[in-house]
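Protein chains in written order, with full-length UniProt numbering: chain A, 1 to 179; chain B, 1 to 179.
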DNA sequence: ATCCTAATCGGATGAGTCATCCGTTTGGAT
DNA sequence: ATCCAAACGGATGACTCATCCGATTAGGAT
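Set out below in structure tokens:
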């Protein structure tokens with residue numbers, strides 16, 4: 001993002017916001033389509049992002065940041081609440097779920113951001129375990145994957161994120177984590 | 001399958017087995033590719049299956065049958081075992097997981113087979129609840145979705161289905177279902 | 001056995017997407 | 001003001017998709 005010529009930076013930003021737009025509409029990313037939406041040449045998109053995966057990952061960085069903010073803002077005894085919010089985010093954004101679950105990102109930075117996130121989740125988890133609210137013997141990665149799993153199920157079954165059925169699924173996970 | 005001319009039946013079978021083949025190799029189904037692999041005209045594939053989704057669903061019918069067989073063979077106190085086997089199947093076959101989780105199939109028969117399966121799972125669930133091994137208040141659909149969720153997580157994270165990490169995830173679900 | 005026709009086949013083809021390549025433009029250093 | 005490396009953009013060949021229709025075939029009628 002730095003050391004980038006001014007036009008390059010502008011276009012990169014345009015591309016990312018166009019991609020956000022398209023993703024939001026549920027349309028599936030094509031680098032040509034993104035170029036059209038961003039009003040930028042196809043070549044430009046391909047120079048900034050060699051593959052769709054790269055673009056997807058960079059877009060998801062924002063979601064990582066968002067969750068990070070939630071972690072900052074959540075008060076004490078936050079484990080359950082965070083998990084619910086996390087799941088809600090994952091349900092809303094399939095890409096976030098996809099990138100989060102996958103351990104092998106294309107971009108090294110994705111991997112490091114994901115690792116950082118797991119680190120923060122581990123703190124929350126440790127608190128909850130110390131407070132006797134979560135059983136010991138589960139690690140943050142497991143919690144992350146469980147969140148991805150329920151989120152995927154909720155989305156696939158087209159359940160409203162706050163429907164009774166969706167809550168019931170999350171409830172099972174929560175109970176399964178209790179001491 | 002009945003009332004089909006002999007050549008039509010032969011081709012339909014070829015197409016299905018070619019599709020199985022491709023899916024098994026993880027390649028993603030294209031109706032033209034299937035035609036090539038089945039050594040059949042493209043038009044033939046499109047007459048038998050209007051869309052990829054249809055073909056996918058019909059292929060998955062076999063998986064439904066397989067799980068049904070498992071349900072027959074499992075002895076008493078079978079809830080945990082069945083769930084584990086079910087998850088293993090779902091991990092192995094992404095298509096099975098996809099079709100299972102989705103309530104709106106393209107083909108009516110898929111929906112009815114799915115419903116039938118949920119009915120059988122409900123029996124097993126009821127047994128387990130009667131035996132005090134599973135808490136009341138969860139329904140078979142929830143169990144099905146949870147299975148799809150963990151399966152998805154395991155596959156995405158590329159965990160070996162019998163690795164400690166994978167077992168841990170299933171364990172959380174199982175515990176979450178206990179009374 | 002032969003004919004007849006509706007059912008089925010197959011692949012040529014127009015439409016649409018993908019990703020590269022290269023001539024043109026532009027930012028910004030000197 | 002000049003220069004050139006960096007960045008742009010879009011024309012294009014390669015590839016996939018799914019339709020359409022002339023050729024073929026199964027299998028019942030005669």
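Where a beta carbon is used, it is the ideal one built from N, C-alpha and C, also for glycine.
Quantities reported herein were computed from a predicted structural model and do not represent experimental measurements.
Contact list for residue i against chain B, beta-carbon separation under 8 Å
i                     : result
residue 172 (chain A) : 138, 142, 146, 173, 176, 177
residue 169 (chain A) : 142, 145, 146, 149
residue 84 (chain A)  : The premise fails here: residue 84 (chain A) is roughly 15 Å from chain B at the closest Cβ pair, so nothing lies under 8 Å.
Under 9 Å by beta carbon: chain B residues contacting residue i
i                     : result
residue 156 (chain A) : 97, 98, 100, 101, 102, 103, 145, 148, 149, 152
DSSP state of residue i mapped onto helix, strand, coil
i                     : result
residue 85 (chain B)  : helix
residue 146 (chain A) : helix
residue 94 (chain A)  : helix
residue 29 (chain A)  : coil
residue 112 (chain B) : helix
residue 155 (chain B) : helix
residue 40 (chain A)  : coil
residue 49 (chain A)  : coil
residue 163 (chain A) : coil
residue 138 (chain B) : coil
residue 6 (chain A)   : helix
residue 60 (chain B)  : helix
residue 77 (chain A)  : coil
residue 129 (chain B) : helix
residue 11 (chain A)  : helix
residue 101 (chain B) : helix
residue 178 (chain B) : coil
residue 34 (chain B)  : helix
residue 107 (chain A) : coil
Interface partners of residue i on chain B, CB under 7 Å
i                     : result
residue 116 (chain A) : Near residue 116 (chain A) there are no residues of chain B at all, since even the closest Cβ is about 18 Å away, more than 7 Å.
Where residue i meets chain A, residues with beta-carbon distance less than 9 Å
i                     : result
residue 90 (chain B)  : Per Cβ cutoff of 9 Å: no residues; residue 90 (chain B) is ~11 Å from chain A at best.
residue 165 (chain B) : 139, 141, 142, 145
Integer Cβ distance of residue i from residue j, believed to fall under 8 Å
i                     : j                     : result
residue 81 (chain A)  : residue 74 (chain A)  : 6 Å
residue 153 (chain B) : residue 146 (chain A) : 7 Å
residue 29 (chain A)  : residue 52 (chain A)  : 5 Å
residue 94 (chain A)  : residue 155 (chain A) : 6 Å
residue 71 (chain A)  : residue 120 (chain A) : 5 Å
residue 79 (chain A)  : residue 134 (chain A) : 6 Å
residue 161 (chain A) : residue 58 (chain A)  : About 25 Å; that fails the 8 Å criterion.
residue 6 (chain B)   : residue 176 (chain A) : In fact, because the Cβ distance is near 53 Å, the residues do not count as touching under 8 Å.
CA-to-CA distance, residue j to residue i, given in whole angstroms
i                     : j                     : result
residue 18 (chain B)  : residue 27 (chain B)  : 12 Å
residue 116 (chain B) : residue 76 (chain B)  : 21 Å
residue 267 (chain A) : residue 56 (chain A)  : For chain A, the structure presents residues 1 to 179; residue 267 (chain A) sits outside this window and is missing.
residue 38 (chain B)  : residue 4 (chain B)   : 18 Å
residue 54 (chain A)  : residue 36 (chain B)  : 32 Å
residue 22 (chain B)  : residue 124 (chain A) : 43 Å
residue 96 (chain A)  : residue 89 (chain A)  : 8 Å
residue 65 (chain B)  : residue 34 (chain A)  : 42 Å
residue 105 (chain B) : residue 141 (chain B) : 15 Å
residue 150 (chain B) : residue 20 (chain A)  : 28 Å
residue 139 (chain A) : residue 122 (chain A) : 7 Å
residue 118 (chain A) : residue 50 (chain B)  : 44 Å
residue 12 (chain B)  : residue 148 (chain A) : 37 Å
residue 45 (chain B)  : residue 159 (chain B) : 35 Å
residue 15 (chain B)  : residue 107 (chain B) : 17 Å
residue 8 (chain B)   : residue 32 (chain B)  : 18 Å
residue 48 (chain B)  : residue 178 (chain B) : 45 Å
residue 87 (chain B)  : residue 68 (chain B)  : 14 Å
residue 143 (chain A) : residue 85 (chain A)  : 13 Å
residue 42 (chain A)  : residue 166 (chain B) : 42 Å
residue 83 (chain A)  : residue 2 (chain A)   : 34 Å
Residue i beta carbon near the ligand ZN (any heavy atom closer than 7 Å)
i                    : result
residue 70 (chain B) : By its list of ligands, the structure shown contains no ligand whatsoever, and the ligand ZN lies outside what it can speak to.
For this session: Flag this pair as touching only if the stretch 166-179 of chain B and the stretch 100-117 of chain A have three or more C-beta atom pairs under 8 Å; answer yes or no.
Result: Judged by Cβ distances under 8 Å, the stretch 166-179 of chain B makes no contact with the stretch 100-117 of chain A, as fewer than three pairs qualify.
Exercise. Can you find at least 3 beta carbon pairs, one from the stretch 89-106 of chain A and one from the stretch 123-132 of chain B, that sit closer than 8 Å?
Worked result: With the cut-off at 8 Å, the stretch 89-106 of chain A and the stretch 123-132 of chain B do not touch.
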